[in-house]
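First up is the structure itself, then whatever we jot down about it.
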Amino acid sequence: MSIVYQPKILLLLFSLIFFIIYLFYLTGEKKYKKDTVQTIAYFSGKTPYQNIKLQNVYWGFFKNFEKLYLFLSKIQRENTNDYVFMFIIWLTFILLTICLI
Amino acid sequence: MFNLILKFILIMLIIIGSISLGLIFEGIDRILTAKMQKRVGPPILQPFYDIRKLMIKESIIPKYAIKWIFELSPIISLTVSILILFYIPIVGKSILGGSNDLILVVYLFIFPGLSIVLGALSSNSTYSNIGAQRLVINMLGYEFPLAIACFVPVWLVYKSGFSNIFSLNTIYTHNIWGLVNQIGIIGLLIEIIAIFLIIAGELSKSPFDLDTADSEIAGGALAEYSGRNLAMLNLSEAVKIIAISSLFIALFFPWNIQSNLIIMFLIYILKLFFIIFISLTLIKTVTSRFKISKLTGIYWGYVSLLATIGFLLVLF
Amino acid sequence: MRNFIILVITIPLLTAFLLPLLKIFSKKLSNFCIGLNLILINIISFFLYKSILENGNIIYSVGASAPSITAPSGFPIRIILTANALSSFLAMFFTIIASLTFFYSLNTLKEYANLDKFYILYLLLLVGILGFLFVGDFFTLFVFYEISSISTAGLIVFLRNKENFKSTFHYLSIFSIGSLFLLLGIGLLYSQYGFLNMAIISQKIQLSFLDKIALSFIGSALLLKVGVFPFYFWKIEAYKVSPISAIILSILSSLSAIYVMFKIVFYIFGLNIPFIIALTLLSALSILFGNLLALAQKNLKKIIAYLAISELGYIILGISSGFLMQNSKFEFNAIKGGLFHIINDALDIGTLSLIIGVILYIAKIKNSLSYNSVSLQQNEIRGLAHKYPLLSISFLLVILALSGLPPLNGFASKIIIYESIFHLNPALTIIGVLGSILTLAVLIKIFALIFLGAPNRDYQPAPKIAMVVIFIFLSFMILIGLFPMQFTNYFINPSVKALISKPGYKNNIHLQQDNQEQNHSIIHLTLHSKQRYFNYI
Chain D
5 MSIVYQPKIL
15 LLLFSLIFFI
25 IYLFYLTGEK
35 KYKKDTVQTI
45 AYFSGKTPYQ
55 NIKLQNVYWG
65 FFKNFEKLYL
75 FLSKIQRENT
85 NDYVFMFIIW
95 LTFILLTICL
105 I
Chain L
3 MFNLILKFIL
13 IMLIIIGSIS
23 LGLIFEGIDR
33 ILTAKMQKRV
43 GPPILQPFYD
53 IRKLMIKESI
63 IPKYAIKWIF
73 ELSPIISLTV
83 SILILFYIPI
93 VGKSILGGSN
103 DLILVVYLFI
113 FPGLSIVLGA
123 LSSNSTYSNI
133 GAQRLVINML
143 GYEFPLAIAC
153 FVPVWLVYKS
163 GFSNIFSLNT
173 IYTHNIWGLV
183 NQIGIIGLLI
193 EIIAIFLIIA
203 GELSKSPFDL
213 DTADSEIAGG
223 ALAEYSGRNL
233 AMLNLSEAVK
243 IIAISSLFIA
253 LFFPWNIQSN
263 LIIMFLIYIL
273 KLFFIIFISL
283 TLIKTVTSRF
293 KISKLTGIYW
303 GYVSLLATIG
313 FLLVLF
Chain B
24 MRNFIILVIT
34 IPLLTAFLLP
44 LLKIFSKKLS
54 NFCIGLNLIL
64 INIISFFLYK
74 SILENGNIIY
84 SVGASAPSIT
94 APSGFPIRII
104 LTANALSSFL
114 AMFFTIIASL
124 TFFYSLNTLK
134 EYANLDKFYI
144 LYLLLLVGIL
154 GFLFVGDFFT
164 LFVFYEISSI
174 STAGLIVFLR
184 NKENFKSTFH
194 YLSIFSIGSL
204 FLLLGIGLLY
214 SQYGFLNMAI
224 ISQKIQLSFL
234 DKIALSFIGS
244 ALLLKVGVFP
254 FYFWKIEAYK
264 VSPISAIILS
274 ILSSLSAIYV
284 MFKIVFYIFG
294 LNIPFIIALT
304 LLSALSILFG
314 NLLALAQKNL
324 KKIIAYLAIS
334 ELGYIILGIS
344 SGFLMQNSKF
354 EFNAIKGGLF
364 HIINDALDIG
374 TLSLIIGVIL
384 YIAKIKNSLS
394 YNSVSLQQNE
404 IRGLAHKYPL
414 LSISFLLVIL
424 ALSGLPPLNG
434 FASKIIIYES
444 IFHLNPALTI
454 IGVLGSILTL
464 AVLIKIFALI
474 FLGAPNRDYQ
484 PAPKIAMVVI
494 FIFLSFMILI
504 GLFPMQFTNY
514 FINPSVKALI
524 SKPGYKNNIH
534 LQQDNQEQNH
544 SIIHLTLHSK
554 QRYFNYI
């Protein structure tokens with residue numbers, strides 16, 4: 005078959021462009037006043053808990069698919085009966101498809 | 003040796019050309035937006051002045067930031083944005099034409115977003131953190147309709163019996179508008195509407211500008227960036243405009259008159275202007291921001307539906 | 024060379040039962056013995072692969088007067104092992120991963136009691152995995168199915184918490200049903216044809232109604248072992264509580280179950296189209312739901328489990344759509360992508376698990392239960408990138424590889440899959456692209472929570488051997504990513520030919536029997552009633 009893609013050329017070109025950009029980057033000002041108020045991350049108002057909590061990561065996404073996730077959590081309740089039930093459902097499905105078609 | 007120097011000059015030309023073209027288009031975009039809002043607007047070279055200003059400003063690294071991620075990610079974002087241009091046919095064939103460019107380019111378009119996300123997350127700022135998460139949700143959203151829209155021309159080329167269908171050069175040289183019937187043309191027009199929305203999302207401009215929402219989260223993903231790091235991010239934004247528009251020009255607007263290179267390039271600039279005007283300036287000015295809890299639904303629901311309808315009409 | 028195939032299986036089996044004896048003398052001696060044994064089977068499997076590439080497939084039957092006699096005489100049951108280019112390559116690769124994981128676990132698991140029992144089960148599971156690859160008759164398939172199920176159950180219960188016992192109960196109850204259905208399917212075949220040898224059944228099969236029922240039973244039982252979309256429950260339960268090295272072996276056993284499933288479906292049941300279509304649908308669903316559920320998880324090991332499910336989806340998608348496109352020029356490429364992704368999946372998910380194991384080790388989280396949702400929610404581990412830059416670079420590389428971004432190995436196989444399955448249905452390619460961006464979101468979440476942010480407490484120094492193992496995995500990933508053409512030409516293409524050359528498999532069996540018939544008159548079949556089927560042998 006033909007060549008799928010050429011990772012070596014990709015990487016070579018990447019490093020070349022990276023090098024050129026980096027030279028340009030080095031012309032910029034690199035100094036700043038360390039250990040001053042300048043370096044504290046900006047927040048308006050009271051300083052909050054610094055790290056975002058896990059359950060709030062991608063909040064908008066989960067809010068959007070709330071119903072789907074509720075359904076998905078309903079079908080897996082960490083209960084053996086559910087698992088066996090799924091297996092039986094699949095078996096009937098595959099038996100019907102294989103034997104009747 | 004001479005060949006090598008020629009190649010190097012070509013690479014330098016593409017780097018400088020894409021950056022300046024992107025900045026000029028940003029300037030035009032600013033002027034047009036100002037005109038629509040009955041303002042005077044900045045001069046056309048204002049983005050260049052902004053970059054020069056940022057390069058001489060202090061580039062602050064926040065206290066608990068991971069320094070190497072924070073500083074490398076803007077450079078990687080810019081580098082990959084330029085790298086994509088080597089795989090897209092602009093005038094004539096692309097420079098690094100392979101057999102599977104399209105999938106590679108779709109995947110390379112993840113990199114600028116990914117590096118901004120990582121840089122923003124590494125800055126340990128609450129606003130940046132929220133902005134980065136919103137950018138991830140945005141990426142999740144537009145990638146689905148983007149994939150649908152990109153594979154329409156591939157399918158057309160495949161149905162017409164050409165080989166090497168995932169190569170952008172193949173799609174570029176076989177005008178897809180000649181491969182469809184009347185219903186298919188309607189399908190392609192619907193697809194183009196979806197594409198304008200996808201470009202607006204990919205560049206995270208309004209109505210999809212949730213990650214850098216100035217009024218809500220103070221610049222979001224870019225909140226902690228300053229100085230030369232911010233300059234790199236702005237440049238990568240400018241190059242990304244050129245890259246994503248060029249991809250869709252190669253896929254959907256491939257009318258290339260076989261004459262000399264300069265005329266072809268001018269036509270390319272015109273197409274670029276058309277796409278950028280609609281997907282950036284017009285949509286940005288007439289819409290306002292979506293809610294984050296509706297964003298993925300809008301992409302996977304409405305935009306994908308639009309793209310799928312276009313695909314189905316093309317199948318006729 | 025022919026004996027290598029049985030040596031690969033028996034050496035770890037014997038060592039496993041020798042370990043309690045060795046432990047009496049010294050703990051170090053037993054560890055040394057396991058290491059030596061793993062290196063030995065590495066060498067043997069390498070030579071096995073080499074000899075198969077040179078001389079063709081190998082068939083070995085246990086208990087026959089000559090190892091190549093495959094047709095049974097008298098009592099029609101005999102343990103038959105077969106090896107082709109694919110299975111021996113996978114055996115070589117899996118033993119490399121298993122031995123590297125053993126050296127890793129020497130470093131990270133040393134604080135636990137009863138480690139000797141853990142390693143007995145570890146070696147037994149390895150026997151189960153290798154047995155799946157080399158199995159040539161149905162009863163041996165059942166035996167290896169049971170071996171791997173029971174040893175996995177032992178590995179799940181190893182940490183001996185309440186949660187472990189619960190998970191083991193779930194696992195055992197699911198797999199008792201699974202193995203019953205497997206046995207039922209085998210029984211249906213045996214009652215009709217009177218043979219258990221896969222090659223002979225593949226020649227005699229008539230695809231009657233009962234055969235189709237047997238296919239669905241055997242296929243479902245093996246799918247349960249693979250653990251794709253509707254069968255993934257046990258995987259979550261098992262991975263959530265087991266140690267990292269057990270998780271990696273469990274992933275390998277899923278991968279070998281994929282191989283044996285396709286071997287049975289393709290060789291014996293002659294490519295049942297409805298079953299393959301169902302498999303394609305299941306794989307697309309596993310890509311979507313595996314990723315969507317991984318995005319919502321709070322437990323790191325559960326995230327590994329869901330990501331493993333979605334990666335298995337890619338493999339099955341590639342292979343099954345390759346079989347659906349039979350006789351077209353894309354068949355070869357789709358199957359090549361699927362088989363290539365087996366290697367990349369094992370490497371990528373393996374490295375992810377290894378890194379997560381190191382994180383749990385340096386954060387001194389011994390008990391997997393305490394890590395279950397409570398601690399990650401309060402961000403107990405954070406800011407690791409300040410102190411462990413190498414670990415975080417490794418994790419970034421795993422992010423790229425697992426979500427299939429260029430230039431690492433995940434992209435090299437996914438691009439082949441996408442390109443070829445597009446000809447079957449473009450929707451499958453679109454689902455694949457969507458799946459990989461979802462994987463990216465999951466991994467960014469882990470990276471942001473664990474590696475970024477302000478460091479909150481002191482962590483142990485990273486274990487040295489474990490880090491070396493991670494770097495070996497990473498170097499494999501980078502090498503495969505940079506030289507995908509060379510890798511597929513040398514290793515994957517012969518494997519694909521071995522999988523899709525169905526006539527080759529049958530002819531090979533004929534050949535072995537013909538040669539032996541001249542030397543041993545005994546093997547003339549005594550089953551007179553069945554003899555008319557053997558006119559062509």
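Going down the list, the sequences are from chains D, L and B. Sequential numbering from 5 applies to the first sequence in my numbering. Sequential numbering from 3 applies to the second sequence in my numbering. Sequential numbering from 24 applies to the third sequence in my numbering. Each residue gets a CB set at the ideal place from its N, CA and C atoms; glycine is no exception.
- Annotation: the continuous alpha helix (DSSP H) that includes Thr175(L) extends over 170-175.
- By the Cβ test, the stretch 74-91 of chain L is in contact with the stretch 233-245 of chain L, since at least three Cβ pairs between them sit closer than 8 Å.
- Annotation: the continuous alpha helix (DSSP H) that includes Leu76(B) extends over 50-78.
- In the three-state DSSP reduction, Leu305(B) falls in the helix class (H, G or I).
- Listed in chain order, the non-local C-beta contacts of Asn107(B) below 6 Å within the same chain comprise Asn80, Ala521, local neighbours out to five positions each way being set aside.
- Put simply, the stretch 152-167 of chain L does not touch the stretch 118-132 of chain L. Fewer than three CB pairs are less than 8 Å apart.
- Nearest CB-CB separation between Val456(B) and chain L: below the 8 Å threshold.
- In this structure, the CA atom of Ser524(B) is about 10 Å from the CA atom of Ser518(B).
- In the structure shown, Leu104(B) adopts extended strand secondary structure according to DSSP, grouped into three states.
- Interface criterion met: the Cβ of Tyr66(L) is under 8 Å from a Cβ in chain B.
- Chain L has a Cβ within less than 8 Å of the Cβ of Leu20(D).
- If you look at Val85(B), you'll find it in the beta strand (DSSP E) that goes 81-85.
- Gly180(L) is classed as exposed because its beta carbon has fewer than 16 other beta carbons within 10 Å across all chains shown.
- If you ignore the 5 residues before and after Ile300(L), its C-beta comes within less than 8 Å of the C-beta of Gly143, Phe292, all in its own chain and listed in chain order.
- Taking C-beta atoms as the reference points, Lys273(L) and Phe255(L) count as a pair closer than 8 Å.
- Between the C-alpha atoms of Ile274(B) and Ala369(B) there is a straight-line separation of about 7 Å.
- Secondary structure note for Gly29(L): its alpha helix (DSSP H) is the uninterrupted segment 4-38.
- The beta carbon of Gly203(L) does not come within 8 Å of any beta carbon belonging to chain D, so the residue lies off that interface.
- In the three-state DSSP reduction, Val182(L) falls in the coil class, being neither helix nor strand.
- Contact between the stretch 132-147 of chain L and the stretch 219-228 of chain L is established, with three or more Cβ pairs separated by less than 8 Å.
- Chain-order list of chain D residues neighbouring Phe470(B): empty, with the shortest C-beta distance near 11 Å, by a criterion of under 8 Å.
- For Asn68(D), the nearest beta carbon of chain L is closer than 8 Å to its own beta carbon.
- Within chain D, the C-beta atoms nearer than 8 Å to that of Gly504(B) come from Pro11, in chain order.
- Around the beta carbon of Tyr51(L), fewer than 16 other beta carbons lie within 10 angstroms, which makes this residue exposed.
- Closest by C-alpha distance to Phe97(D), out of Leu207(B), Leu304(B), Ala408(B), is Leu304(B).
- Under a criterion of Cβ atoms nearer than 8 Å, no residue of chain L is adjacent to Lys71(D); the nearest Cβ is some 11 Å distant.
- Beta-bridge partners assigned by DSSP to Asn220(B): Asp160(B).
- For Thr101(D), the closest Cβ of chain L is not nearer than 8 Å.
- Using a 10 angstroms sphere on the CB of Met3(L), the tally of other CB atoms stays under 16, which defines it as exposed.
- Contact between the stretch 278-286 of chain L and the stretch 185-202 of chain L is present, with at least three C-beta pairs closer than 8 Å.
- In the DSSP assignment, Glu145(L) falls within the alpha helix (DSSP H) that extends over 128-161.
- For Met348(B), no alpha helix (DSSP H) segment is defined, and its DSSP state is neither H nor E.
- According to the DSSP assignment, Leu123(L) belongs to the alpha helix (DSSP H) that extends over 112-124.
- Segment contact: the stretch 212-228 of chain B against the stretch 183-197 of chain B, fewer than three CB-CB distances shorter than 8 Å; contact not assigned.
- It is roughly 12 Å from the alpha-carbon of Ala386(B) to the alpha-carbon of Pro486(B).
- Going by beta carbons, Leu95(D) and Ser239(B) fall inside the 8 Å limit.
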